[in-house]
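Last residue of the sequence shown? That's 1373 in our numbering, and every number before it is there in order. Every residue gets a Cβ at the ideal spot worked out from N, C-alpha and C, and that includes glycine. Quick caveat: nothing in here was measured; it's all calculated off a predicted structure. Have a look at the structure below, then the notes.
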Amino acid sequence: MPRRPIDVLNLLVVLILLAITGYGMISGRLAAPSFVLVRLTGLLAAVLLTIWLARRPHGRWIELLVTFYPIALIPVVFDSLQPLIEVLGFPNQDAALIAIDRKMLGDDAAVILRPFIRPWLSDLLHIAYCSYFVFPIIVGVSAWLRSRWLGQRFIFTIVLAFYVSYAGYFFVPALGPRYAQWPLTNEETHYTPISHVIYYGLNSVENTRNDVFPSGHILVTAVCLMAAYGFSRRLFWVLLPAGAGLCFATLYCRYHYFVDVLAGLLLAGIVLPVGYAIFSRATTPSPSYSGERAGVRGGT
């Protein structure tokens, strides 16, 4: 049995996905069931191996492995979601999200932002959009170097943030404005060389398409920024421009609706304290962490 909160969380999520897989196989709703089953069984084996390694005496390299293994786990979990989303079969919600956007904004976000489209801005914002993939790593490593307990708390919380966004994809499946609203003219935001490569590169590696609500990019990035603000003001200010650009890019590049962005921000404000509280109740801070709190209060 796992002792660490991160292992409990990952084991629970993989078991839930396996249960959905079993339901899909029994009901005949799951396409390519053997492939999905083998992939998720491999994930389960990886989590169980990590649990076993974490419970045994280990050196620095094993410590790094059992601490940062979500870097490899999370992308595989995300890549496995699409057939399972289709198994549950909740109706597509693009029309509802579009209606909410129009009620809040008076028009589609893409229409409002269309006059601002510039080639150089498209390149810059597509690069900012990709910063999502390095935000958790930068903040996680920085927190871990400050304190092992602080790093583990952040890693647990950011993994929880990923899973919260994935849950939304099951219950509110939607393709987003680039497919539901702008399939014919969407290229105007990514016809430059850099934006073109990033846009089609992301499309080629992402198998999960119903990944709109809430915006995982916003949720994860906001949690990273709030966490950084808590232990390193310097890191927060360094990351803030990229985070702001990423937020704008979700709308400019037509990956998300405005309501997706709002949902991501709202959930980030919930996930961070909830994740911290769960982790803190399950673990005890290391002795060195107490001495570091003075530096955190001082805004270093």
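A direct Cα-Cα distance of roughly 10 Å separates Arg-1191 from Leu-1198. Taking a contact as a CB-CB distance under 8 Å, the pair Ala-1301 and Val-1184 does not count as one, their CB atoms being some 34 Å apart. Counting only residues of its own chain and dropping the five nearest sequence neighbours on each side, Ser-1153 has a CB closer than 6 Å to the CB of Arg-1112. Taking Leu-1313 as the centre and dropping the five residues before and after it, the same chain places the C-beta of Leu-1298 closer than 8 Å to its C-beta, in chain order. In this structure, the straight-line span from the alpha carbon of Gly-1101 to that of Trp-1310 is close to 51 Å. Here Met-1074 carries a coil assignment [DSSP, helix/strand/coil].
Annotation for Ala-1322: Leu-1198, Ala-1201, Tyr-1202 place their beta carbon closer than 6 Å to its own, counting only its chain and skipping 5 residues before and after. For Leu-1292, the enclosing alpha helix (DSSP H) has its first and last residue at 1289-1304.
The beta carbon of Trp-1255 is closer than 7 Å to those of Ala-1183, Arg-1327 in its chain, skipping five residues each way along the sequence. Between the alpha carbons of Cys-1320 and Tyr-1142 lies a gap of roughly 27 Å.
Taken in chain order, the complete alpha helix (DSSP H) segments of 4 or more residues contained in the region 1184-1257 are 1192-1203, 1208-1219, 1221-1244, 1250-1253.
The criterion of a C-beta distance shorter than 8 Å is satisfied by Phe-1352 and Pro-1078. Here Pro-1346 carries a helix assignment [DSSP, helix/strand/coil].
Your pair Gln-1166 and Phe-1286 checks out as a contact, with CB atoms roughly 7 Å apart and the cut at 8 Å. Between the alpha carbons of Tyr-1252 and Asp-1284 lies a gap of roughly 12 Å. The alpha-carbon separation between Phe-1189 and Ser-1195 amounts to approximately 10 Å.
The three-state reading of DSSP puts Ser-1100 in helix, counting H, G and I together. Per DSSP, reduced to three states, the secondary structure at Val-1285 is coil, with no helix or strand assignment. Per DSSP, reduced to three states, the secondary structure at Asn-1259 is helical. Apart from sequence neighbours up to five positions away, the residues of its chain that approach Ala-1355 with a beta-carbon distance below 7 Å are Pro-1078, ordered along the chain. In the three-state reduction of the DSSP assignment, Ser-1153 falls in the coil class, being assigned neither a helical nor a strand state. The residue from Leu-1178, Pro-1209, Arg-1133, Thr-1114 with its alpha-carbon nearest to that of Ile-1144 is Pro-1209.
Assignment of alpha helix (DSSP H) within the region 1120-1145, counting only whole runs of 4 or more residues, yields 1133-1141 in chain order.
For Arg-1307, the three-state secondary structure derived from DSSP is helix. Under a 10 Å Cβ-count criterion, Gly-1241 is classified as buried, with 16 or more other Cβ atoms of the shown protein chains found around its own Cβ.
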